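A quick write-up on the structure given underneath.
Put into structure tokens, the structure is as follows:
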């Protein structure tokens, strides 16, 4: 096995934690429910033009698609673990580590194995992880060789999901500010605008 392009070793298997998974999925689902209940679905009954109705339907399909895709990618990321160094991997005699100060291939005393470049030992996983970036409990382990693409895809999809939801809730608040009758906030008797405002502030933060 080449030290430059290592193949995947046995996956790092951690005991799956319930709370991180429930927090991500539950928070995303709650956001979807609140945005749909207090903005998109009420907009369907707004006394606006046919173009507005089609525009809202497009947002409903787009927002639902972003939510489902984000949850799907997160599930794949949760199930896909990074890889360890292949068993009995030995570097070539002339091999060097361009990232180390002395250019020598490092040896892990804990795993009793050689470490390819960008391979680091994780004290939580208790393994050497190929191309380890970080240990993320929200993702059920380390981010490294084998799941980096799913991690980046999840970040991209989550950013799109949050950005779209913030655009929707901020649009409702904006229409209320400029004086639209349908979106007018009656702060003393209606909690809808309070919920929409709180959601927008949390998304912005």
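Numbering (the numbering used here), first residue to last: 1189 to 1393. All residues carry an ideal CB built from backbone N, CA and C; glycine is no exception. Source: prediction; values computed, not measured.
Residue 1214 versus residue 1251: straight-line alpha-carbon distance, rounded: Rounded to the nearest angstrom, the two C-alpha atoms are 16 Å apart.
Cβ pair count under 8 Å reaching 3, the stretch 1379-1393 against the stretch 1352-1359: Yes, the stretch 1379-1393 touches the stretch 1352-1359.
C-beta contact flag for residue 1350 and residue 1261 at 8 Å: Between residue 1350 and residue 1261, the CB-CB gap reaches or exceeds 8 Å.
Simplified DSSP state of residue 1329, which is helix, strand or coil: Note: residue 1329 maps to strand in three-state DSSP.
Among 1298, 1323, 1274, 1258, nearest to residue 1348 - alpha-carbon criterion: Taking each of 1298, 1323, 1274, 1258 in turn and checking the Cα distance to residue 1348, the smallest one comes out for 1258.
Residues near residue 1312 by beta carbon distance below 6 Å, same chain, minus five either side: 1323.
Within 8 Å, strictly: CB atoms of residue 1235 and residue 1325: No, they are not a contact pair.
Element boundaries [beta strand (DSSP E), containing residue 1302]: Residue 1302 -> beta strand (DSSP E) spans 1301-1303.
Secondary structure, beta strand (DSSP E): runs of 3+ residues fully inside the stretch 1253-1296: Correct list: 1294-1296.
Residue range of the beta strand (DSSP E) that includes residue 1308: Here the beta strand (DSSP E) through residue 1308 covers 1308-1310.
Residue 1317 burial status per 10 Å Cβ neighbour count (16 or more: buried): Answer is buried; the Cβ neighbour count reaches 16.
Span separating the alpha-carbon of residue 1255 from that of residue 1293: Straight-line Cα distance between these residues: approximately 44 Å.
Within 8 Å, strictly: CB atoms of residue 1310 and residue 1319: Not in contact: residue 1310 and residue 1319 (Cβ atoms no closer than 8 Å).
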